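Novice: Chain order of the listed sequences is A and B.
Everything in the first sequence is counted per the numbering used here, starting at 263 for the first residue and increasing by one.
Everything in the second sequence is counted per the numbering used here, starting at -8 for the first residue and increasing by one.
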Amino acid sequence: MSGAPQRLVPARRPVTTESPWVRRTLIGISLVFLFLFLLLPLAAVFTEALRKGLDAYLDALKEPDAWAAIRLTLITAAIAVPLNLVFGVSAAWCIAKFEFKGKSFLTTLIDLPFSVSPVVAGLMYVLVFGSNGWFGQWLSDHDIKIIFAVPGIVLATVFVTFPFIARELIPLMQAQGTDEEQAAIVLGASGWQTFWYVTLPNIKWGLVYGVILCNARAMGEFGAVSVVSGHIRGQTNTVPLHVEILYNEYQSVAAFAAASLLALLALVTLVIKTVVEWRSEREHAAADLPPEKPPAVPLPGAGA
Amino acid sequence: MSAAPSLAPSGAASPRRTGGRKRVLPGFNLTLGYTLFYLGLIVLVPLSALVLRSFSLTGEQFIAAVSSPRVLASYRLTFGASAIAATVNLFFGLLLAWVLVRYEFPGKKIVDALVDLPFALPTAVAGISLTALLAGNGWVGQYLEPMGIKLAFTPAGIVIALIFIGLPFVVRTVQPVLEDTEKELEEAATCLGATRFQTFTKVILPSIAPALLTGFAMAFARAIGEYGSVIFIAGNMPMISEITPLIIIGKLEQYDYAGATAVAVVMLVISFILLLVINGLQAWQRRRTGMSQ
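(1) What first and last residue would you give for the alpha helix (DSSP H) that runs through Ala528 of chain A?
(2) Evaluate Phe362 of chain A with the Cβ neighbour count: other Cβ atoms within 10 Å of its Cβ, from every protein chain shown; 16 or more gives buried, anything less gives exposed.
(3) Quick one: residues in its chain with C-beta nearer than 7 Å to the C-beta of Pro159 of chain B, no 5 flanking neighbours on either side, listed in chain order?
(4) Short check: CB of Gln276 of chain B to CB of Ala180 of chain B, under 8 Å?
(5) Would you verify that the beta carbon of Phe19 of chain B is, or is not, closer than 8 Å to some beta carbon of chain A?
(6) Can you list the residues of chain A that Ile240 of chain B reaches, using a CB-CB cut of under 8 Å?
(7) Would Lys535 of chain A pass as a contact of Tyr471 of chain A if the rule is Cβ separation under 8 Å?
(8) For Asn394 of chain A, which residues in chain B fall below 8 Å Cβ to Cβ?
(9) Among the residues of its own chain, which have a CB less than 7 Å from the CB of Leu272 of chain B, if the five just before and after it don't count?
(10) Here's the rule I'm using: 16 or more other beta-carbon atoms within 10 Å means buried, otherwise exposed. How should Tyr512 of chain A be labelled?
(11) Straight-line CA distance for Phe299 of chain A to Glu483 of chain A?
(12) So with CB distances below 7 Å, who are the chain A contacts of Met285 of chain B?
(13) With Ala486 of chain A and Ala383 of chain A assumed to form a contact (beta carbons below 8 Å), what rounded beta-carbon distance in angstroms separates them?
(14) If we define contact as Cβ-Cβ less than 8 Å, is Arg12 of chain B a contact residue for chain A?
(15) Just the chain B side, please: which residues come within less than 7 Å of Ala306 of chain A by C-beta, in chain order?
(16) Which term fits His493 of chain A, buried or exposed, when burial requires 16 or more other beta carbons within 10 angstroms of its beta carbon?
(17) List the endpoints of the continuous alpha helix (DSSP H) containing Gly184 of chain B.
(18) For the alpha helix (DSSP H) that contains Lys141 of chain B, what are its first and last residues?
(19) By how many angstroms is the C-alpha of Thr252 of chain B removed from the C-alpha of Ala56 of chain B?
(20) Answer yes or no: does any C-beta atom of chain B fall closer than 8 Å to that of Ala342 of chain A?
(21) DSSP on Arg333 of chain A, reduced to helix/strand/coil?
(22) Starting from the Cα of Gly31 of chain B, find the closest Cα among A:Ala353, A:Gln455, A:Phe360 and A:Pro433 and give me that residue.
(23) Name the chain B residues that come within less than 9 Å of Val420 of chain A, Cβ to Cβ?
(24) Among the residues of its own chain, which have a CB less than 6 Å from the CB of Arg279 of chain B, if the five just before and after it don't count?
(25) Which residues, in chain order, does the stretch 437 to 451 of chain A contribute to contact with chain B at a C-beta distance below 7 Å?
(26) How is Asp279 of chain B classed by DSSP in three states: helix, strand or coil?
(27) Which residue marks the beginning of the alpha helix (DSSP H) containing Leu112 of chain B, and which one marks its end?
(28) Using C-beta distances below 8 Å, list every residue in its chain close to Arg285 of chain A, excluding the 5 sequence neighbours before and after it, in chain order.
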């Protein structure tokens, strides 16, 4: 007896969604858009790199200039990321745990490098350290090269990746408040102990998240590094600059082979990021806490 | 994906935040001191070098440097292409955010992760890859070329590259806000006789409007400064397909430091204005969400 009306009711969809065909069309359009704009370019990198076979691909990567570029990229990231990590933790500690005048102004200043075009960023360092810049005379008197040398590349990279970790940690530590740290201090822990045993475990996923995004940008930066590097083969070429040189010399396979390394780095970054998001969500769901998961922060401002 | 933290870096005053007045916690002077020192060293000193250097020009020289026909053409191209790309991203970003929040489909998690690809992929790689696709012999270009559509090495190619670069911004600003919107409002609208389309335009759209505009402004700001992906696909012809950052590089290569600085100052001022606009939009979104809760 109750069968007939019930069959009518489930057929009605909830009022807060669309009819199936609207839904399918919207999903279809989004997937086509993503395929054309994201997957196709990604696939093209690997296809072009392997166009002349695996041997040509490996030969392109074995070249001494390619190795030098890879080494320089790794060195640059190995200096820039830890510097910004220490800064990020320090900035997040004073901004999230204390009240002081001018705090929101300071936060805006920290975001500044995102809104400066990388080319302008590179130019700024040329004006400070270049041969006719502020310290140019002094530096050349003491035989120190910064612009068109490795230190300039590191500095430009530090600038463009400056806010990544701080921006990730500040909202996270603000949301967590200071209760746990205060309890630790009251119970007799020292400042460092409080940081290591109380704060750090709370922010570890946000920290990992910030570090991998910072690292991806540090290894992939093009515009700012291009201005300060001088493009000396085997000496001041990072992988992205190496890609540009090869591409402009019509060495397509070699250019895409080097580019494929950077594309792999991007994929690894996305995988780690996704895993961090899942783990952080799961841990916090288990602990019944608001997720620590740093949301995919849209980073405003300028590109590489 | 929680909404508030990312959109509210400074103003998200958590009710639990109690530190400060008594300063039970140590390390305030050390961390603030180091933060200011590092900020000054890396950001403020180079920035002031740029501004001070531009003062070495007289007013007339400055205006001549930033308003020569070639530079003016580059502004038109940079701002025009960025505006078109950000508008495309506004629509497709909203669509993607909507689909990711409201619908279930196989592979959704992968799609969600993939949206961030433009943040992770170095721009030079994006540039050469898009060029290879759109060139006359590329996967896509070979079908478009016979139809008379040329994308690579034209301003249209610049727009394509900027769409790629700005894609995640709108998605990632709208997504958390859409997740937090209250279904009750939509149910109420439907009960009052609104069609689904009316509910969308009159109830949902106003509540996510600030986030949409924030994403638009971020994509636009990013597109204006973009260099790496654009120079490969643009063709870089003076007056036609030469973007403003490339003008700066060109002047630097001719050792015209003063001219490069002048154009850079113009770009810097525009990015600061955009930064303020974005901050304002985020404050608006916070008030919006604050009111509805």
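All residues carry an ideal CB built from backbone N, CA and C; glycine is no exception.
Quick caveat, the model's predicted, so the values are computed rather than measured.
Specialist: So, from the listed chains and residues:
(1) Ser514 to Ala548
(2) exposed
(3) Val106, Asp107, Pro109 and Phe110
(4) no
(5) yes
(6) Val381, Ser488 and Val489
(7) yes
(8) Tyr248
(9) Pro201, Leu204, Thr205 and Ala208
(10) exposed
(11) 21 Å
(12) Look at the range of chain B in this structure, -8 to 284, and you will see that residue 285 of chain B is not part of it.
(13) 4 Å
(14) Bear in mind that the predicted position of Arg12 of chain B carries a pLDDT of just 49, short of 50, making it unreliable; the figure below should be weighed with that in mind. So yes, Arg12 of chain B belongs to the interface.
(15) Ser120, Ala123, Leu124 and Trp130
(16) exposed
(17) Gly184 of chain B -> no alpha helix (DSSP H), and no H or E assigned at all.
(18) Segment: none, Lys141 of chain B is in no alpha helix (DSSP H) and carries neither H nor E.
(19) 9 Å
(20) no
(21) helix
(22) A:Ala353
(23) Ile33
(24) Pro201
(25) Ala437, Gly439, Thr440, Asp441, Glu443, Gln444 and Ile447
(26) It should be pointed out that residue 279 of chain B corresponds to Arg in this sequence rather than to Asp. Correct three-state label for Arg279 of chain B: helix.
(27) No alpha helix (DSSP H) contains Leu112 of chain B, which DSSP labels as neither H nor E.
(28) Thr279
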